[in-house]
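Line by line, the protein sequences are chains A and B.
If you read the first sequence in the working numbering, its first letter stands for residue 8, the second for the next number, and so on.
If you read the second sequence in the working numbering, its first letter stands for residue 8, the second for the next number, and so on.
Beta carbons: idealized from backbone N, C-alpha and C, even for Gly.
Working notes, structure below.
Number of protein chains: 2
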Amino acid sequence: MSQQKPSIPKGTRDFSPEVVRKRNYILTTIRNTFEKFGFRPLETPTMENLSVLMGKYGDEGDQLIFKVLNSGDYLGKVKTELANTSSQKLTPQISEKGLRYDLTVPFARYVVMNRNQISFPFKRYQMQPVWRADRPQKGRYREFMQCDADVVGTTSLICEAEMLLMMNEILQNLGIEGYQININSRKILTGLANYVGHQGEEALLCVAIDKLDKIGTQGVFKELAHLGYTPEQLKSLAPVLKLSGSNNEKIAQLQSLISNNETTQGLEEIKQILSYVTTMQGQLDTVLFDPALARGLSYYTGAIFEIKMLDGSIGSISGGGRYDNLTGVFGMPDVSGVGFSLGIDRIYDVMEARKLFPDAVNSSTQVLITNFGKNEEAYALAQLAQLRAAGIAAEYYPAPAKLKKQMSYANNLNIPFVALIGSNEVTDKTLTIKEMDSGNQSTITTETFIQKLKN
Amino acid sequence: MSQQKPSIPKGTRDFSPEVVRKRNYILTTIRNTFEKFGFRPLETPTMENLSVLMGKYGDEGDQLIFKVLNSGDYLGKVKTELANTSSQKLTPQISEKGLRYDLTVPFARYVVMNRNQISFPFKRYQMQPVWRADRPQKGRYREFMQCDADVVGTTSLICEAEMLLMMNEILQNLGIEGYQININSRKILTGLANYVGHQGEEALLCVAIDKLDKIGTQGVFKELAHLGYTPEQLKSLAPVLKLSGSNNEKIAQLQSLISNNETTQGLEEIKQILSYVTTMQGQLDTVLFDPALARGLSYYTGAIFEIKMLDGSIGSISGGGRYDNLTGVFGMPDVSGVGFSLGIDRIYDVMEARKLFPDAVNSSTQVLITNFGKNEEAYALAQLAQLRAAGIAAEYYPAPAKLKKQMSYANNLNIPFVALIGSNEVTDKTLTIKEMDSGNQSTITTETFIQKLKN
Numbered sequence: 008m009s010q011q012k013p014s015i016p017k018g019t020r021d022f023s024p025e026v027v028r029k030r031n032y033i034l035t036t037i038r039n040t041f042e043k044f045g046f047r048p049l050e051t052p053t054m055e056n057l058s059v060l061m062g063k064y065g066d067e068g069d070q071l072i073f074k075v076l077n078s079g080d081y082l083g084k085v086k087t088e089l090a091n092t093s094s095q096k097l098t099p100q101i102s103e104k105g106l107r108y109d110l111t112v113p114f115a116r117y118v119v120m121n122r123n124q125i126s127f128p129f130k131r132y133q134m135q136p137v138w139r140a141d142r143p144q145k146g147r148y149r150e151f152m153q154c155d156a157d158v159v160g161t162t163s164l165i166c167e168a169e170m171l172l173m174m175n176e177i178l179q180n181l182g183i184e185g186y187q188i189n190i191n192s193r194k195i196l197t198g199l200a201n202y203v204g205h206q207g208e209e210a211l212l213c214v215a216i217d218k219l220d221k222i223g224t225q226g227v228f229k230e231l232a233h234l235g236y237t238p239e240q241l242k243s244l245a246p247v248l249k250l251s252g253s254n255n256e257k258i259a260q261l262q263s264l265i266s267n268n269e270t271t272q273g274l275e276e277i278k279q280i281l282s283y284v285t286t287m288q289g290q291l292d293t294v295l296f297d298p299a300l301a302r303g304l305s306y307y308t309g310a311i312f313e314i315k316m317l318d319g320s321i322g323s324i325s326g327g328g329r330y331d332n333l334t335g336v337f338g339m340p341d342v343s344g345v346g347f348s349l350g351i352d353r354i355y356d357v358m359e360a361r362k363l364f365p366d367a368v369n370s371s372t373q374v375l376i377t378n379f380g381k382n383e384e385a386y387a388l389a390q391l392a393q394l395r396a397a398g399i400a401a402e403y404y405p406a407p408a409k410l411k412k413q414m415s416y417a418n419n420l421n422i423p424f425v426a427l428i429g430s431n432e433v434t435d436k437t438l439t440i441k442e443m444d445s446g447n448q449s450t451i452t453t454e455t456f457i458q459k460l461k462n
Numbered sequence: 008m009s010q011q012k013p014s015i016p017k018g019t020r021d022f023s024p025e026v027v028r029k030r031n032y033i034l035t036t037i038r039n040t041f042e043k044f045g046f047r048p049l050e051t052p053t054m055e056n057l058s059v060l061m062g063k064y065g066d067e068g069d070q071l072i073f074k075v076l077n078s079g080d081y082l083g084k085v086k087t088e089l090a091n092t093s094s095q096k097l098t099p100q101i102s103e104k105g106l107r108y109d110l111t112v113p114f115a116r117y118v119v120m121n122r123n124q125i126s127f128p129f130k131r132y133q134m135q136p137v138w139r140a141d142r143p144q145k146g147r148y149r150e151f152m153q154c155d156a157d158v159v160g161t162t163s164l165i166c167e168a169e170m171l172l173m174m175n176e177i178l179q180n181l182g183i184e185g186y187q188i189n190i191n192s193r194k195i196l197t198g199l200a201n202y203v204g205h206q207g208e209e210a211l212l213c214v215a216i217d218k219l220d221k222i223g224t225q226g227v228f229k230e231l232a233h234l235g236y237t238p239e240q241l242k243s244l245a246p247v248l249k250l251s252g253s254n255n256e257k258i259a260q261l262q263s264l265i266s267n268n269e270t271t272q273g274l275e276e277i278k279q280i281l282s283y284v285t286t287m288q289g290q291l292d293t294v295l296f297d298p299a300l301a302r303g304l305s306y307y308t309g310a311i312f313e314i315k316m317l318d319g320s321i322g323s324i325s326g327g328g329r330y331d332n333l334t335g336v337f338g339m340p341d342v343s344g345v346g347f348s349l350g351i352d353r354i355y356d357v358m359e360a361r362k363l364f365p366d367a368v369n370s371s372t373q374v375l376i377t378n379f380g381k382n383e384e385a386y387a388l389a390q391l392a393q394l395r396a397a398g399i400a401a402e403y404y405p406a407p408a409k410l411k412k413q414m415s416y417a418n419n420l421n422i423p424f425v426a427l428i429g430s431n432e433v434t435d436k437t438l439t440i441k442e443m444d445s446g447n448q449s450t451i452t453t454e455t456f457i458q459k460l461k462n
């Protein structure tokens with residue numbers, strides 16, 4: 008084995024102790040909220056059969072799936088002439104498995120495989136990494152954590168309302184302010200396309216109005232004109248993009264503008280969902296009806312939602328909606344559900360930028376006992392054991408290094424208290440406690456110190 | 008997309024909510040103990056460069072690493088004639104990354120890459136899945152969780168003692184009884200090989216005495232005879248395999264039998280480690296000196312240890328030891344450390360067989376509110392919100408299904424209380440609470456119910 012300078016694959020990350028702790032703080036907060044709402048954890052394997060993954064994420068997705076080489080003599084089973092083959096033709100012959108690309112397809116696969124054991128409605132959450140062979144760039148990784156919650160097996164709009172409440176509560180519990188949760192309905196977008204005379208073309212319409220924030224009404228109109236929208240059609244669209252006021256006011260305005268079936272049905276659903284939210288939580292000014300919200304049109308069939316930071320510092324940190332055919336591709340039709348996904352990396356970035364992580368997250372060890380050498384060792388170890396027996400995370404510096412080195416260890420690791428044990432402390436059966444923040448020192452017994460920490 | 012019957016790759020597992028909760032209970036218990044001892048979490052990427060992984064686990068290990076196909080047109084860069092190549096020759100040309108095979112090599116790689124940022128001694132723990140392309144069989148998976156704790160950057164024997172205490176405390180906190188933690192030293196095994204006249208051949212000696220439990224002294228002697236051990240050599244070995252009594256008695260017996268340097272040094276270290284354990288925790292009858300314990304000889308240089316269940320139901324559930332050259336292969340010599348690894352799957356099996364998981368692990372939702380229809384809905388949702396605001400995990404059945412179906416949902420999900428809300432409860436502003444265990448019913452206010460649950 009030759010020596011080598013090690014590296015990690017591009018787009019992947021090591022998470023240092025400080026970062027793991029902060030990420031776990033986010034994940035635990037989310038997990039607790041999910042559990043309070045009756046959601047149950049699921050975990051699926053890192054590798055899925057390629058037959059399960061391929062064809063589910065479009066052609067580009069198929070490219071971005073990390074494929075795992077078959078083990079053993081994988082070429083032995085290859086039937087084509089290698090000389091005349093291409094990567095694309097060879098891959099299915101030498102690779103049967105791929106890395107998890109999202110949490111939705113594995114969830115659908117799990118539901119189909121376990122349909123007879125699952126008690127529906129199935130409220131599941133899943134927090135696991137996924138992998139995409141995308142070009143890495145700032146904020147985009149090839150390995151990243153996804154965090155999904157879904158209810159499947161019911162069409163009740165109460166579930167949509169619960170999703171909104173969960174999103175809201177998670178952000179509150181994380182201490183994140185200045186966000187808004189936008190809600191719209193695929194049905195309203197369908198109705199809107201009809202209304203402006205472009206029936207069945209809501210996808211193109213949505214691509215344009217999705218840019219409203221960035222390019223303004225005139226920019227949107229310019230794009231639509233390129234798509235063949237007449238001045239009259241643009242004129243009919245204008246008031247929809249200008250709706251204002253409370254949610255109820257916007258709903259009423261849209262109702263008076265557009266009366267086709269899809270729009271009416273979509274608005275009824277939005278009204279019902281918002282009414283459920285109010286029944287459970289009172290008026291929530293973070294939840295806003297936004298008829299220009301457009302996302303996941305190839306997939307969602309009912310309500311759609313998304314969380315945005317008001318300061319525009321970052322894209323959406325969460326999104327989701329109602330779908331009607333989760334498991335059809337695996338031969339189990341008509342499974343309706345509603346779910347959302349949280350972007351852990353973006354939430355982390357927001358919390359880091361705003362210094363929202365509690366101080367306690369940065370440290371677990373409460374006390375470092377200094378090592379002054381053999382004479383103090385037995386007494387020091389006994390005090391260490393006593394602290395730990397009281398449930399206090401404590402360490403003994405394992406060698407009698409220079410005090411400066413030991414103090415800087417405590418400092419680097421954010422350990423709030425250092426217990427100095429020299430010959431006086433051994434004789435007097437005490438500890439000299441240095442508070443690292445203030446620099447204050449006091450000499451007390453271990454019992455008194457434990458009581459102090461416990462209060 | 009054609010319909011297909013989905014499956015998962017062999018040797019991998021879905022973890023249902025019940026199983027995830029039990030596994031998380033184990034992992035959280037371990038994590039809490041690690042943190043109490045001052046260990047800090049690390050996470051490394053699922054994929055490592057093959058240059059980091061290959062050559063670190065022996066020839067067989069190289070075979071068992073799951074290799075990830077390069078993305079894009081991986082054949083375009085292949086330089087050999089495909090027609091004349093082999094899987095072995097082609098692999099490094101079409102695959103640069105592999106899945107994490109253990110937690111030690113990524114840890115070593117991390118230490119080298121971050122040597123200037125790390126405060127040594129570095130006490131890290133890591134709990135992440137690893138992948139091996141091994142033939143799957145009962146209890147052996149291709150994806151499984153590893154759980155390691157290591158201290159690197161110090162040779163202090165206090166660390167060995169802390170490892171033993173952590174192992175012991177983790178099992179105690181999990182409620183597992185009937186185990187023993189065996190400790191030995193590589194130095195004692197080296198000294199023993201010298202003593203029986205087979206200097207430098209401790210590996211072969213160890214393979215044989217490692218089977219002592221299974222095949223007895225006569226079986227071991229037979230194997231060694233095949234290896235060329237003379238009757239005199241076997242005779243000199245016999246008393247070592249028969250040591251009995253307390254740890255101190257066994258150490259004294261071995262000392263009087265063998266006086267070479269390696270043995271003496273190994274015994275001194277064992278004595279010191281056990282003395283540290285006693286100073287911190289009193290006499291621990293779960294920690295036993297076992298001069299026949301042999302493991303990881305290609306790697307460990309000092310103390311070695313292992314946890315065994317006394318009922319012999321299962322192999323070792325944990326093992327570890329002192330090593331002296333963790334990072335040499337990455338160009339950073341002389342990093343000494345000591346660590347151990349816990350087998351989560353085996354611990355899970357022991358706890359499941361002995362029914363050691365607390366009941367609370369099986370359920371998070373405390374209350375299911377039944378859905379009797381539109382008339383009761385608003386009141387029911389308000390009670391749901393009130394329960395959750397009090398921190399109680401609660402659900403509302405999302406549709407007015409038959410009561411029997413709703414009750415069986417609560418039953419299947421181990422929800423301990425069902426709150427029945429019909430027209431009487433709405434009028435009286437009460438809940439009728441059914442305790443699922445006893446079948447008892449009582450009609451009380453939501454406030455009273457919350458108080459009851461909080462006590």
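| message | Among B:420, B:19, B:442, whose alpha-carbon lies nearest the alpha-carbon of residue 427 (chain B)? | response | Comparing Cα positions, the closest option is B:442.
| For residue 1 (chain A) and chain B, any beta-carbon pair shorter than 8 Å? | This structure does not reach residue 1 (chain A), given that chain A is present from 8 up to 462, and the question cannot be answered.
| task | Look up residue 449 (chain A) in the DSSP assignment and say whether it is helix, strand or coil. | result | In the structure shown, residue 449 (chain A) sits in a strand (DSSP, three-state: E or B).
| task | If I'm right that residue 216 (chain A) touches residue 203 (chain A) with Cβ under 8 Å, what's the distance once you round it to whole angstroms? | result | About 10 Å; that fails the 8 Å criterion.
| query | Roughly how many angstroms separate the alpha carbons of residue 151 (chain B) and residue 271 (chain A), rounded to a whole number? | reply | Linking residue 151 (chain B) to residue 271 (chain A) through their CA atoms gives a straight-line distance of about 51 Å.
| task | Kindly indicate which three-state DSSP category residue 303 (chain A) falls into: helix, strand or coil? | result | Assignment of residue 303 (chain A) by DSSP, reduced to helix, strand and coil, places it in the coil class.
| request: Select from the region 253-274 of chain B all residues with a C-beta closer than 8 Å to any C-beta belonging to chain A, and list them in chain order. | output: Answer in chain order: no residues at all.
| message | So with CB distances below 8 Å, who are the chain A contacts of residue 311 (chain B)? | response | The contacting residues do not exist; residue 311 (chain B) stays about 19 Å from chain A at best.
| request: Counting only the same chain and skipping the five closest in sequence on each side, list residues whose C-beta sits under 8 Å from that of residue 382 (chain B). | output: Hits under 8 Å: 430, 433.
| task | Taking only beta-carbon positions, decide if residue 154 (chain A) is within less than 8 Å of chain B. | result | No, its Cβ sits nowhere closer than 8 Å to a Cβ of chain B.
| task | Please determine if the region 124-138 of chain B and the region 44-60 of chain B are in contact, where contact requires at least 3 C-beta pairs separated by less than 8 Å. | result | Segments in contact, yes.
| message | Within a Cβ cutoff of 7 Å, which residues of the same chain sit near residue 334 (chain A), ignoring the five residues on either side of it in sequence? | response | Only 115, 118, 119, 342 meet the Cβ criterion.
| request: Consult DSSP for residue 189 (chain B) and reduce its assignment to one of helix, strand or coil. | output: Looking at residue 189 (chain B) - three-state DSSP - the assignment turns out to be strand.
| Taking Cβ positions, are residue 303 (chain B) and residue 322 (chain B) nearer each other than 8 Å? | No.
| query | Using DSSP with H/G/I as helix, E/B as strand and the rest coil, what is residue 294 (chain A)? | reply | In the structure shown, residue 294 (chain A) falls within a strand segment according to DSSP collapsed to helix, strand and coil.
| request: Indicate whether at least one CB of chain A lies closer than 8 Å to the CB of residue 2 (chain B). | output: For residue 2 (chain B) there is no data in the structure shown, the boundaries of chain B being 8 and 462.
| query | Is the region 413-422 of chain B touching the region 385-395 of chain B, taking contact as three or more C-beta pairs under 8 Å? | reply | Short answer: they don't touch.
| field | CA nearest to the CA of residue 159 (chain B), picked from B:179, B:126, B:184 | value | Nearest of B:179, B:126, B:184 to residue 159 (chain B), Cα basis: B:126.
| request: Kindly indicate which three-state DSSP category residue 117 (chain B) falls into: helix, strand or coil? | output: Three-state result, residue 117 (chain B): helix.
| message | On the criterion of 16 or more Cβ atoms from any shown chain inside 10 Å, does residue 222 (chain B) qualify as buried, or is it exposed? | response | By the 10 Å Cβ count, residue 222 (chain B) comes out exposed.
| Beta carbon proximity, residue 180 (chain B) to chain A, threshold 8 Å | Interface criterion not met: the Cβ of residue 180 (chain B) is under 8 Å from no Cβ in chain A.
| In chain B, which residues lie less than 8 Å from residue 117 (chain A) when you measure between Cβ atoms? | What residue 117 (chain A) touches in chain B: 21.
| What residue from A:102, A:178, A:184, A:324 has the CA that sits closest to residue 349 (chain A)'s CA? | With distances taken between Cα atoms, residue 349 (chain A) lies closest to A:324.
| How many angstroms separate the CA atom of residue 452 (chain B) from the CA atom of residue 462 (chain B)? | Residue 452 (chain B) and residue 462 (chain B) have their C-alpha atoms some 16 Å from each other.
| What residues from chain E crowd round residue 416 (chain B), counting only those whose CB sits closer than 9 Å? | No chain E is present in this structure, whose protein chains are A and B.
| Could one say the Cβ of residue 110 (chain A) lies closer than 8 Å to chain B's Cβ atoms, at least one of them? | No, no contact with chain B.
| task | Evaluate the contact criterion for the region 278-294 of chain B versus the region 171-178 of chain B: three or more CB pairs, one atom per stretch, below 8 Å. | result | Counting Cβ pairs under 8 Å, three or more are found: they touch.
| Beta-carbon separation of residue 437 (chain A) and residue 448 (chain A) under 8 Å? | Not a contact, by the Cβ cut-off of 8 Å.
| Considering only residues of the region 126-198 of chain B, which uninterrupted alpha helix (DSSP H) runs meet the minimum length of 4 residues and lie entirely inside it, listed in chain order? | List check, alpha helix (DSSP H) in window: 165-181.
| Considering only the beta carbon of each residue, do residue 219 (chain B) and residue 298 (chain B) sit closer than 8 Å? | Taking 8 Å as the Cβ cut-off, residue 219 (chain B) and residue 298 (chain B) do not qualify as a contacting pair.
| Distance, Cα to Cα, residue 122 (chain B) vs residue 128 (chain B)? | Distance from the CA of residue 122 (chain B) to the CA of residue 128 (chain B), rounded to the nearest whole angstrom, comes to 11 Å.
| message | Taking a contact to mean a Cβ-Cβ separation below 8 Å, would you say residue 99 (chain B) touches residue 165 (chain A) in this structure? | response | Cβ atoms of residue 99 (chain B) and residue 165 (chain A): not closer than 8 Å.
| field | Residue nearest to residue 235 (chain B) in terms of C-alpha spacing, selected from B:423, B:246, B:256, B:205 | value | Checked all of B:423, B:246, B:256, B:205; the closest Cα to residue 235 (chain B) is B:205.
| said: Helix, strand or coil for residue 122 (chain A)? Go by DSSP, reduced to three states. | reply: Coil, per DSSP.
| request: Kindly indicate the opening and closing residues of the alpha helix (DSSP H) around residue 43 (chain A). | output: Run containing residue 43 (chain A): 24-43, per the alpha helix (DSSP H) assignment.
| task | Using DSSP bridges, identify the partner residues of residue 47 (chain B). | result | B:131.
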